[in-house]
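Top to bottom, those sequences are chains X and B.
Under my numbering, the first residue of the first sequence carries the number 1, and numbering increases by one thereafter.
Under my numbering, the first residue of the second sequence carries the number 1001, and numbering increases by one thereafter.
Quick notes on the structure that follows.
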Amino acid sequence: MSTAHDALFRTLADPTRRAIFERLCRDGEQTVGALTAFAGVSQPAVSKHLGVLKQAGFVRDRQEGRNTHYSARLDALGPLSDWTRQMTGFWETRLDRFEDLLKRMDQ
Amino acid sequence: MTRPGPETRSVVIERDIPYPPEKLWRALTQPHLIAEWLMENDFAPTVGHRFNLRGAWGGVLDCEVLAIEPNRTLSYSWDFASDDPAYALKSVVTFTLTPTAGGTHLRMEQAGFRPDQKQAFGGAHAGWKGFFDKLQDVVARPD
């Protein structure tokens, strides 16, 4: 576990920000305008959320003419599965020992 | 006492073991046997009993027996206190034994969040599981 997790969780703790990220995951690349229409908050607020998401590595942006297009980076979520993976490894090992012990026990 | 709700992350391991539940129960609840497969401990099979699990790595886990139903269910809290919130952990471990024709079906679940994560989610974390479910659909979708 690391402070990298904290940053990821903090970034997604805001419901509006999470909704924007979900939208990008579901529907692919979007402009700020399209995201604003969906999010129900002002365009500057959406831009600010996108800035935070970008800094945390959740989204990337691409300039095309006057518009900035945003898309989700799903690889940013990788570290969140670490805890589960670590604990699964721990318990698999312990339960192997548990079964070895059962073989050695009477009855 | 607050216990993690169904929206928390968890680890589940299930195994079919060729021995009767009574035998597994002894290995799960007798301190000298727990020490052989899990960690050194001062466990006692009484609800409300507080005990420690001491890892060979020097770490100490704070635990409390939450539920006990002989030969069927054992549940205890599994908390790790740390000044560094990145390492602190609050969780609940539950063993469930179900007799089968060939022995016992063992299900182990550890459920919980680190305390700081729980705070970070605030009221919003109920939506977390749905979020991951949806995300999984997205990730699994072919390009």
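Glycine included, C-beta positions come from ideal geometry on N, C-alpha and C.
Just so we're clear, the structure is a prediction, and the values are computed from it rather than from any experiment.
- According to DSSP, residue 1068 of chain B shares a beta bridge with B:1074.
- Residue nearest to residue 105 of chain X within the set B:1026, B:1017, B:1011 and B:1012 is B:1026 (criterion: CA-CA distance).
- For residue 49 of chain X, the enclosing alpha helix (DSSP H) has its first and last residue at 43 to 55.
- In the DSSP secondary-structure assignment, residue 1054 of chain B is bridged to B:1040 and B:1060.
- Using a 10 angstroms sphere on the CB of residue 30 of chain X, the tally of other CB atoms reaches 16 or more, which defines it as buried.
- Three or more beta-carbon pairs separated by less than 8 Å are not found between the stretch 94 to 104 of chain X and the stretch 1059 to 1069 of chain B, which leaves the two stretches without contact.
- Non-local beta-carbon contacts of residue 1096 of chain B in its own chain, meaning distances under 6 Å to residues more than five positions away in sequence, involve 1073 and 1107 in chain order.
- For the stretch 1032 to 1057 of chain B, residues whose beta-carbon sits nearer than 9 Å to a beta-carbon of chain X comprise 1033, 1036, 1037, 1038 and 1039.
- One finds 1015 and 1017 in chain B with Cβ atoms closer than 8 Å to the Cβ of residue 99 of chain X, taken in chain order.
- The alpha-carbon of residue 46 of chain X is positioned some 14 Å away from that of residue 61 of chain X.
- In the DSSP annotation of this structure, the continuous segment of the alpha helix (DSSP H) that includes residue 1021 of chain B starts and ends at 1021 to 1029.
- Chain order gives the chain X residues near residue 1011 of chain B as 84, 87, 88 and 91, where near means a beta carbon separation below 8 Å.
- For residue 1027 of chain B, the chain X residues whose Cβ falls inside 8 Å of its Cβ are 98, 101, 102 and 105, in order along the chain.
- Looking at the DSSP output, residue 1111 of chain B bridges to B:1010 and B:1092.
- Note on residue 90 of chain X: under 16 other CB atoms within 10 angstroms of its CB, so exposed under the neighbour-count rule.
- Here residue 18 of chain X is buried: its Cβ has 16 or more other Cβ atoms, across all protein chains shown, within 10 Å.
- If the five residues before and after residue 73 of chain X are omitted, its C-beta is found closer than 7 Å to the C-beta atoms of 57, 58, 59 and 60, all from its own chain and listed in chain order.
- Here the alpha carbon of residue 1011 of chain B sits roughly 14 Å from the alpha carbon of residue 1077 of chain B.
- Taking the CA atoms as reference points, residue 48 of chain X sits about 48 Å from residue 1039 of chain B.
- Distance from the CA atom of residue 1053 of chain B to the CA atom of residue 1105 of chain B, rounded to whole angstroms, is 25 Å.
- Cβ-Cβ distances below 6 Å link residue 1034 of chain B to 1041 and 1043 in the same chain, with the five nearest sequence neighbours on each side left out; the list follows chain order.
- Around the beta-carbon of residue 37 of chain X, fewer than 16 other beta-carbon atoms lie within 10 Å, marking it exposed.
- Taking the Cβ atoms as the reference, residue 1017 of chain B lies roughly 5 Å from residue 1103 of chain B, within the contact range of under 8 Å.
- At a cut-off of 8 Å, the C-beta of residue 94 of chain X has a neighbouring C-beta in chain B.
- Annotated three-state conformation of residue 1018 of chain B is coil, per DSSP.
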